[in-house]
Amino acid sequence: PAPAPSLSAPPPPAEEGGGVLIDQPTGAATVGPVPPAATLDPQKTLRIVADRVRSGDSGPEKGRVIGEGNVQLDWRGYRVTCQRATYDPETRIATFETNVVLETGTQTVYADGVTLNLRTQEFRSVAGRTIVPPSLLGPNLVEPLRISGREVTREGDITTARDGFLTTCDFPNPHYKIGFRQATVIPRRRIVLRDATFYRYDKPIFRVRYLALPITDRISYSYLPLVGRNNEEGFFLKTALAYTGSQRLPEGIVRLDLMEKKGIGLGIDQAYRLGRDALGSLILYSLRDQGRNVNNLNGRLNHQQRIGTVRLGITSDFQNNSYNSVSSESQTQISTITATRSVGPSTTNVTLNLGSNSFGSDSTSNNTAYSLQQTQALGGGSNVTLRLNGRNNESNNLLSRNLTTEQLGDLRATGKAGIFDVSLAANKNFLSRSTTRVGDAAPVNNNYFGGTERLPDVSLSTDSQRIGGFLRAVPTRFTVGLGQFVDGSPNARVATNRALFDLNTTPRPFSLSPGGRLSLQTSGGFRQTLYTSDAAQYVLTNQVQLTQRFSTIDSLNFTYGYLRPYGGQPLGFRYDQTGSNNNLGANYSLEGGSVKATLLTGYDLQRAGQSNLTPGTPRNPWQNLSAQLALRASDVFQTRFTASYDWNRGKLLDATNRFRVRAFNGPALDTSVRYDPNRSRFSQIAASLQTPLFSRDVNFIAYASYDGISRRYQNTNFSLTRSFHDYELTFNYTDQPYGFRTQKGFTVSFRLKALPTFAQTPGGQYGTGLDVGSGPIF
């Protein structure tokens, strides 16, 4: 298609002497002088101006309004300009002829003629061409779509073209184009081409009778062919072809994988819609794995259903003998059923999870979990939530069988009473049991802890701002509570009543020197608990930070943290257990443009004064000294050094360096080096490089990781991409000798630039993405 003419200069306004006003509710037309458009309500009156406007009085023009010469129509965001226009008040259809330009605000249509229905906003153009921006199509198209045809129509948001061409190339003579008998564009769904012919320039290459291109946001992978080889599959060709069906089966993808070592894999991804209240998707993949002589069947179902006021969701995922699993002879199945009902202030949620795993004949497990939750809003910010949870886990192997069963109920209520926040919490373990059976022996009950029961626990909390008076000067939170608790395992249960008083305060920082260069921040807390079994405990906490600012870019901080319980709890009661610490810390930070530096360490006062250490255990009160220095010489180069030093033993523990290069239109290099002083060698070396090669149209990406301890490469990956104007060709090589699934091979892929990139980054031993750990750019 030829490029569209520029619209930077709009046509001159028509003379005000000729025009027509159309009443929007009735469609009636009035010919004569018209007021300026700014004075009219566009929802009530439509305005057309032209050099000459007249009413047809005989023949086919009878009853119609005709405008000629510099015709202009502005209506509901549309602007149409042409040389001749005809309006029929009875059908409310306007016809525009000769040099027609139809602008919608986001899209422009050029045509010899356009018919516009003012009632439905549908249009039909003759010999039309348009450029559709990606924003109108969907996330799976990143470049504008250029489409032309003998006839272009739009009904609703669906655009149909006949006998035309489609491309994303913006050259006057496009590198590629697709001719078609009919093209249907459904935004955020698909582009359907019938009797499509692919052209390289003007030379036809091949023909496809039916082609569907998904542009739905649910597609998260490329559907172009992938060719390559690896040690698991051998040489392979993997393809995915989109298709469309009926209204109930709107779109889908068929997969065909040809693998040298595995055989032929067939799959289908099918979306469906059942009426207005049900939709979902079904994914199935089947492979007769000739390498292992097993049947591989994987699938996933995702169904959403509305039944009255209830939203029902069903998801099921299963794998059978998948060679992508950790164990290639595994059978796994996970299903989840959810139901949600919200009516006014009441919300009900029901969830059921079912799972099973089998790793050959040696190990199996079955899991069931369920949850019922009811939430009721009471007004004034108060609400009540009642929940019932349960689970049943069974695992078997050649030697033993283990069964765990748990069921518990939970009640939570919140509200306000004057200046107090009121909270009530109660939970009950109806069933908590774990048994193990070895061979034919009798089951043995395990010491199973099902959690602490609160029967119930009520608390009131407020703060100094609500209380007022002199307490406003110190931000403080107060909490008092009273509850009954049951703790411990089924064979050693401890019941007690507990009263609680808790106070936490965080005074505002205050300055110790003029200008605030030396400042002090402190906070603390007091927590008192009393138990019916003549036990009591209080806990003191304190945090202090002294900050000395030397300049606007650097400061020195000294910190002190104290936590210690006094007294004790009832024997076997674990709900209020807390640790203890008594630490000093120091850290220095510098952040000034091209330099960043930090130093931090600490001293454990509690460890230093501890007298009951096990003989032979070193005291080691000093925390490691950690140091980091980052330098940015320019926007191109930066590096960062880190190290840790053990004060107690006087040894350097670790040292690393990370280096970055970011040249404009040039190489991007990241390196990471870790040195192990104990072994006197570099334990880890990694590098990543991305650079143009020979020209800007060829890009090279490489990643490598070397283990200095085993003296072997852990991962090697590189790709070479040749970029053309509209598409790119990529060769990728991967060598990963470690992990549960080793990989060595190559792939060759082709991508249209109009489609998003779904890049596969190098993977670690467990499928994790790899980089050199360069950290953030500053």
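Mapping the sequence shown onto the numbering used here, position 633 (from 1) lands on 626, and the numbers just tick up by one. Ideal Cβ placement from N, Cα and C applies to all residues, glycine included. For clarity, every value in this text was computed on a predicted model and none was experimentally measured.
Taking a contact as a CB-CB distance under 8 Å, the pair Thr632 and Asn650 counts as one, their CB atoms being some 7 Å apart. Between Gln530 and Gln562 the beta-carbon gap is near 6 Å, inside 8 Å, which marks them as a contact. Ser526 carries a coil assignment under DSSP once its states are collapsed to helix, strand and coil. Close CB contacts of Phe89 within its chain, under the 6 Å cut and outside five residues either way in sequence, are with Val73, Cys75, Ala78 and Val107 (chain order).
Nearest in C-alpha terms to Phe675, of all of Gln683, Val666, Leu682 and Ser681, is Val666. Counting only runs of 3 or more residues that sit fully inside the stretch 153 to 179, the beta strand (DSSP E) segments are 169 to 179, in chain order.
Going by C-alpha positions, Gly738 is about 8 Å away from Asn725. Our two residues, Phe717 and Ala233, have alpha carbons roughly 23 Å apart in a direct line. Residue pairing for Glu721: DSSP places it in a beta bridge opposite Ser716 and Arg744. When DSSP states are grouped into helix, strand and coil, Arg459 belongs to the helix group. Taking the C-beta atoms as reference points, Asp262 is found no nearer than 8 Å to Gln298.
Nearest C-alpha to Leu583 among Gln541, Thr610 and Trp68: Gln541. In the three-state reduction of the DSSP assignment, Arg465 falls in the helix class. Scanning its chain for C-beta atoms nearer than 7 Å, with the 5 sequence neighbours on each side dropped, one finds around Phe173 the residues Gly157, Leu159, Leu186, Arg187, Asp188 and Ala189, in chain order.
In the structure shown, Pro207 falls within a strand segment according to DSSP collapsed to helix, strand and coil. Arg600 sits in a helix when the DSSP states are folded into three classes. Taking all protein chains shown into account, Phe116 has 16 or more neighbouring C-beta atoms within 10 Å of its C-beta and is therefore buried.
With respect to the C-alpha of Pro507, the residue from Phe543, Thr472, Asp495 and Leu496 having the closest C-alpha is Phe543.
Closest in alpha carbon position to Gly245, among Gly273, Glu253, Arg222 and Ala492, is Gly273.
Between Thr329 and Asn346, the gap from beta carbon to beta carbon is short of 8 Å. Separation of Gly373 and Asp414 (C-alpha to C-alpha, rounded to the nearest whole angstrom) is 12 Å. Around the beta carbon of Leu371, a 10 Å sphere encloses fewer than 16 other beta carbons of the protein chains shown; the residue is thus reported as exposed. DSSP places Gly374 outside both helix and strand once states are collapsed to three, so it counts as coil.
In this structure, Val24 sits near Ser48, with a CB-CB distance shorter than 8 Å.
In this structure Glu226 is buried. Its beta-carbon is surrounded by 16 or more other beta-carbon atoms within 10 angstroms. Contact annotation: Leu129 and Gln100 have beta-carbon atoms nearer than 8 Å. With 16 or more other Cβ atoms from the protein chains shown falling within 10 Å of its own Cβ, Gln729 counts as buried. For Glu387, same chain residues with a beta-carbon under 6 Å away, outside a window of 5 residues either side, are Asn359 and Leu396 in chain order. Under the three-pair Cβ rule at 8 Å, the stretch 622 to 632 does not count as touching the stretch 593 to 612. In terms of Cα proximity to Tyr80, the closest of Asn641, Val58 and Gln536 is Val58. Taking the CA atoms as reference points, Asn133 sits about 5 Å from Ile208.
The Cβ atoms of Asn710 and Tyr731 do not sit closer than 8 Å to each other. Per DSSP, Asp150 is not a residue of any beta strand (DSSP E), being assigned neither H nor E.
Between Glu136 and Thr161, the gap from beta carbon to beta carbon is short of 8 Å. Ile412 sits away from Thr469, with the two beta carbons spaced by 8 Å or more.
Between Tyr278 and Gly258 the beta-carbon gap is near 6 Å, inside 8 Å, which marks them as a contact.
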